[in-house]
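Visitor: Sharing a structure here in C-alpha coordinates format.
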Amino acid sequence: MKWIRKAIALCIGLLVIGLIAGQSSAFASSGSGNSITSVLDRNDYLLDDGTLWSKGATSG
575 MKWIRKAIAL CIGLLVIGLI AGQSSAFASS GSGNSITSVL DRNDYLLDDG
625 TLWSKGATSG
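Okay, so the sequence shown: first residue is 575 according to our numbering, each after it adds one.
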(Lines of atoms letter the chains of each structure in order from A and count residues from 1; the text may use other names and numbers.)
(Lines give C-alpha, C1' and ligand atoms only; values in the text may rest on other atoms or scores of the structure.)
Protein backbone atom coordinates (compact mmCIF):
# COMPACT_ATOMS: atom_id res chain seq x y z
CA MET A 1 0.00 0.00 0.00
CA LYS A 2 2.94 2.37 0.64
CA TRP A 3 4.16 2.06 -2.93
CA ILE A 4 0.78 3.29 -4.21
CA ARG A 5 1.09 6.45 -2.09
CA LYS A 6 4.64 6.99 -3.31
CA ALA A 7 3.57 6.53 -6.94
CA ILE A 8 0.70 9.01 -6.53
CA ALA A 9 2.99 11.54 -4.83
CA LEU A 10 5.54 11.15 -7.64
CA CYS A 11 2.88 11.71 -10.32
CA ILE A 12 1.57 14.80 -8.55
CA GLY A 13 5.11 16.13 -8.15
CA LEU A 14 5.88 15.65 -11.84
CA LEU A 15 2.64 17.37 -12.77
CA VAL A 16 3.42 20.38 -10.57
CA ILE A 17 6.97 20.65 -11.96
CA GLY A 18 5.60 20.53 -15.50
CA LEU A 19 3.10 23.27 -14.77
CA ILE A 20 5.74 25.49 -13.18
CA ALA A 21 8.09 25.01 -16.15
CA GLY A 22 5.31 25.96 -18.58
CA GLN A 23 4.42 29.07 -16.61
CA SER A 24 7.98 30.40 -16.47
CA SER A 25 8.40 30.21 -20.26
CA ALA A 26 5.15 32.12 -20.77
CA PHE A 27 6.30 34.85 -18.40
CA ALA A 28 9.67 35.08 -20.15
CA SER A 29 8.10 35.57 -23.57
CA SER A 30 5.66 38.23 -22.36
CA GLY A 31 8.41 40.62 -21.28
CA SER A 32 9.27 41.82 -24.79
CA GLY A 33 8.39 45.46 -24.07
CA ASN A 34 5.76 45.70 -26.82
CA SER A 35 2.42 47.29 -26.11
CA ILE A 36 -1.03 46.51 -27.48
CA THR A 37 -2.09 48.87 -30.25
CA SER A 38 -5.46 47.36 -31.14
CA VAL A 39 -7.76 44.61 -29.86
CA LEU A 40 -8.91 42.58 -32.85
CA ASP A 41 -11.22 40.26 -30.92
CA ARG A 42 -11.27 38.71 -27.45
CA ASN A 43 -8.19 36.52 -28.07
CA ASP A 44 -6.17 38.42 -30.70
CA TYR A 45 -4.21 41.63 -30.24
CA LEU A 46 -2.14 43.78 -32.60
CA LEU A 47 1.13 44.97 -31.04
CA ASP A 48 2.91 48.25 -31.74
CA ASP A 49 5.64 46.53 -33.80
CA GLY A 50 3.03 45.05 -36.18
CA THR A 51 3.01 41.51 -34.80
CA LEU A 52 -0.13 39.63 -33.83
CA TRP A 53 -0.43 38.12 -30.35
CA SER A 54 -3.05 35.45 -29.68
CA LYS A 55 -4.09 33.83 -26.41
CA GLY A 56 -5.69 30.74 -27.94
CA ALA A 57 -4.85 28.23 -30.63
CA THR A 58 -4.33 29.67 -34.09
CA SER A 59 -4.67 28.13 -37.52
CA GLY A 60 -2.94 29.29 -40.67
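We treat Cβ as the ideally placed atom computed from N, Cα and C, and that holds for glycine.
1. Could you compute how far the alpha carbon of N608 sits from the alpha carbon of I578?
2. Rounded to a whole number of angstroms, what is the C-alpha to C-alpha distance between L621 and S612?
3. Using C-beta distances below 7 Å, list every residue in its chain close to D618, excluding the 5 sequence neighbours before and after it, in chain order.
Guide: In terms of the structure at hand:
1. 48 Å
2. 7 Å
3. L626 and S628
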